[in-house]
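S.K.: One line per chain: the protein sequences are A and B, in this order. Using numbering that gives the first Met the number 0, the letters of the first sequence map in sequence onto residues 0 to 330. Using numbering that gives the first Met the number 0, the letters of the second sequence map in sequence onto residues 0 to 330. Every residue, glycine too, gets a C-beta built ideally from N, C-alpha and C.
Protein chains: 2
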Amino acid sequence: MADDRYIVGVDLGGTSINVGVVPFGGGPVLGMRSMPTEPGRGAKSVVDRMNGMIREAMRDARREASIPESGYVGIGIGSPGPLDRASGTVIETPNLGWRNFPLRDLIANEMGLDAVLDNDANAAALGEYWLGAGKDVDSLLALTLGTGIGGGIVLGGRVYHGASDVAGEVGHMTIDPTGRRCNCGNYGCLEAYASGPAIAARAVEGLRSGVASALPELAEGDLSEVTAETVYQAIVAGDLYAKEVMRETAAFLGTGVANLINILNPAMVVISGGVTRAGDHLFEPLRGEVRRRAFRQAADACRIVASELGDMAGVIGAAATYRVERFGELD
Amino acid sequence: MADDRYIVGVDLGGTSINVGVVPFGGGPVLGMRSMPTEPGRGAKSVVDRMNGMIREAMRDARREASIPESGYVGIGIGSPGPLDRASGTVIETPNLGWRNFPLRDLIANEMGLDAVLDNDANAAALGEYWLGAGKDVDSLLALTLGTGIGGGIVLGGRVYHGASDVAGEVGHMTIDPTGRRCNCGNYGCLEAYASGPAIAARAVEGLRSGVASALPELAEGDLSEVTAETVYQAIVAGDLYAKEVMRETAAFLGTGVANLINILNPAMVVISGGVTRAGDHLFEPLRGEVRRRAFRQAADACRIVASELGDMAGVIGAAATYRVERFGELD
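1. With 8 Å set as the bound, which would you pick, yes or no: does the beta-carbon of S138 (chain A) sit closer than that to a beta-carbon of chain B?
2. Helix, strand or coil for F294 (chain B) per DSSP?
3. Roughly how far, in whole angstroms, is the beta-carbon of A202 (chain B) from the beta-carbon of V165 (chain B), given that I think they are within contact range, below 8 Å?
4. What does DSSP give as the partner residues of R302 (chain A) in its beta bridges?
5. Is the separation between the beta-carbon of T88 (chain A) and that of P101 (chain A) shorter than 8 Å?
6. Using 8 Å as the cut-off, can you tell me whether the stretch 50-61 of chain B makes contact with the stretch 11-25 of chain B, which would need three or more C-beta pairs spanning the two stretches below that distance?
7. Would you please state the rounded distance, in angstroms, between the beta carbons of H160 (chain B) and C188 (chain B)? I believe it to be under 8 Å.
8. Are the beta-carbon atoms of V153 (chain B) and Y128 (chain B) separated by less than 8 Å?
9. For chain B, is any of its Cβ atoms less than 8 Å away from the one on M172 (chain A)?
10. Against G167 (chain B), what residues of chain A qualify as contacts under a CB-to-CB distance less than 9 Å, listed in chain order?
11. Using the beta-carbon count (16 or more within 10 Å), is L308 (chain B) buried or exposed?
12. Could you name the residues that DSSP lists as bridge partners for F100 (chain B)?
13. Does the stretch 242-256 of chain B come within contact of the stretch 286-295 of chain B, defined as at least 3 CB pairs closer than 8 Å?
14. Helix or strand or just coil, what does DSSP make of A218 (chain B)?
15. Keeping to the same chain, check which residues put their C-beta closer than 6 Å to that of D175 (chain A); ignore five residues upstream and five downstream.
16. Which residues in the same chain as A197 (chain B) place their Cβ atom closer than 6 Å to its Cβ, once the five residues preceding and following it in sequence are excluded?
17. Can you find a C-beta in chain A that's less than 8 Å from the C-beta of D175 (chain B)?
18. Note down, in chain order, every chain A residue with its Cβ under 7 Å from the Cβ of F294 (chain B).
19. Starting from the Cα of D104 (chain B), find the closest Cα among B:P93, B:I76, B:G126, B:A120 and give me that residue.
20. Which of the three DSSP states is assigned to M49 (chain B) in this structure?
21. Kindly indicate which residue of A:G8, A:G39, A:E324 has the alpha-carbon position closest to the one of W97 (chain A).
22. Y321 (chain B) to G24 (chain B), Cα distance in whole Å?
23. Closest to A298 (chain A) by C-alpha separation, out of A:M267, A:S33, A:E216, would be which residue?
24. Between the alpha carbons of Y5 (chain B) and E68 (chain B), how many angstroms are there, rounded?
25. If you measure between the beta carbons of L206 (chain A) and L217 (chain A), is that distance less than 8 Å?
26. Since G150 (chain B) and A162 (chain B) are thought to touch, with beta carbons under 8 Å apart, how far apart are those beta carbons, to the nearest angstrom?
27. Answer with yes or no whether the minimum CB distance from P81 (chain A) to chain B is below 8 Å.
28. Could you name the residues of the stretch 278-311 of chain A whose beta carbon sits closer than 8 Å to any beta carbon of chain B, in the order they occur along the chain?
29. Shorter than 8 Å from the beta carbon of N185 (chain B) to some beta carbon of chain A?
30. Could you name the residues of the stretch 80-108 of chain B whose beta carbon sits closer than 9 Å to any beta carbon of chain A, in the order they occur along the chain?
31. Does any C-beta atom of chain B lie closer than 8 Å to the C-beta of G126 (chain A)?
32. Starting from the beta carbon of G161 (chain A), find every residue of chain B whose beta carbon is closer than 8 Å, and list them in chain order.
33. Would you mind giving the Cβ-Cβ distance between I74 (chain A) and A107 (chain A), rounded to the nearest angstrom? I have them listed as a contact below 8 Å.
34. In the DSSP assignment, find the unbroken alpha helix (DSSP H) run with V274 (chain B) in it and report its ends.
35. Does any CB atom of chain B fall closer than 8 Å to the CB of N258 (chain A)?
36. Strictly under 8 Å for the Cβ-Cβ distance: is T254 (chain A) near chain B by that measure?
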């Protein structure tokens, strides 16, 4: 018998909101839509936009598949954290400027549907576990490299949340105690080396010291315009310096991933975010650094792969989060 | 009705073997004994000694309590790893010189009792969780600082083993990618800063550069005789340099513990080993470094404490390991 239950997945990020409808048993996402978050317009504007998108996604999905009125069982929401899952409250998000914000209930009440809130990186990890790169493994760790570095840990089919819902904050792992200053105020966090802005900052430092590279031209002479994206473009164009910047990024990331592998001994590490577009320029030196630094039995047991779901991981994972919370473990 | 079931706990270390009899429901260890391991005399000699100690511990315990012949349900064994739990085999222990050694069955067959094998650091962590510092928490991470640095992770009443039984190898976490060389061949492992031999080595380096300290006198003028123990003695005697060495040790250890707290968000970190005798000279700067480096929500949720069971953690934990494997979660 066909399962005509569906879950709405909502992925709230600092720059964009993604919403889609996910079949209860997995499958193609329906009614998918994406809009800019525009946090500067205030929290109410963001929540109104989210609710509007949910309404539209449900309407479109109903057209794409024949979903009965009662087919929507609930809404899973992934949000930047830290957050309190029990109350559905976002405790703090510097990017959105929210504090103790009751996001879950503002959506559930408006939509008249049950909702569940979890961290966006946790949701993405659960998405990859359910329908992505990790669908054949028992445990995985997912790292999302973007403006920051987020992490989610899935053990035995469930997100591991820790004692206060903040497990997996891998971006602020110290990899060099007297190293680069991080936005969090500390020195030597992984995020200060391998996030998008950190990759760009490291690249520009070398350019200022006069190294030859196609990067300045790609940035039309304005070094402040160099981004991680510019670095990928330069790699594609064969730029040796950009490749070296990526090799260094891979070494820093490999140090962090080796630590995670030594500690958690996962079957898989899934890397997502724009940086994965560097492909082998990232993954080959990354795996090499991990082999050098990780315990052999742990490194041998772990595959390090790129995300399969890409931007869809958040929406699929948010829906998976709802399903796990209300119906127990995924198949 | 009194529970007259008992479990034998065996803690095999590089320098000593500890064996005792643990009541199924917890309680004082009976028939406790400790002997040197003397690995140089060969694997057979070590196993014969272990079996002899188990026999004696069971006999003595039967005298101390009135244990029926059928009262011994099984044997839990904690051993240096890595090991394969399913086959009960020690894959490799540099300290004992063993490789693919079927320790569990060599004991089970000789004693005619069912046996279970796990990593010694995992056993110690489960011991602290069951009857020690962690008896009121759901999740903990236990670090044992000795010749090396071992770690064990307990989540929801069970040891978390990972994909290939080597989760918790925290000693080889990189805290400084270009730092001190570790015995494992890498650079900047936590173990290269905060193990007993590393503490001694760092202390001696300062002494060779001419710093004033009571340490040379305590080592009778022979700096090669300085050990972590000598550093504790000097601290007790009020030596400022020894206190500084401990403060640095605490900072390195705090960097590693902050990483673990960011990743795992445990309710408790339990530290054991000789280094805890430094008391506040260790724990105060350690907690300070963690507060500086860890995510606030994670640091606030985590107590960092000294082991309560001390040398008994291994024996109690080995018995607990048996109980969990065969009878499910502890109370």
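M.R.: Quick look at the numbers:
1. yes
2. coil
3. About 31 Å; that fails the 8 Å criterion.
4. A:M267
5. yes
6. yes
7. At roughly 21 Å, the Cβ-Cβ gap does not stay under 8 Å, so H160 (chain B) and C188 (chain B) are not in contact.
8. yes
9. yes
10. N261, I262, L263, N264
11. buried
12. B:V89
13. yes
14. coil
15. G187
16. A191
17. yes
18. V165, E168, H171
19. B:I76
20. helix
21. A:G39
22. 12 Å
23. A:M267
24. 11 Å
25. no
26. So it is not a contact: roughly 16 Å between Cβ atoms.
27. yes
28. R291, R292, A293, F294, Q296, A297, D299, A300, C301
29. yes
30. G80, P81, I90, E91
31. no
32. S138, L263, N264, P265, A297, A300
33. 7 Å
34. Taken as a continuous stretch (DSSP letters only), V274 (chain B) belongs to no alpha helix (DSSP H), as it is neither H nor E.
35. yes
36. yes
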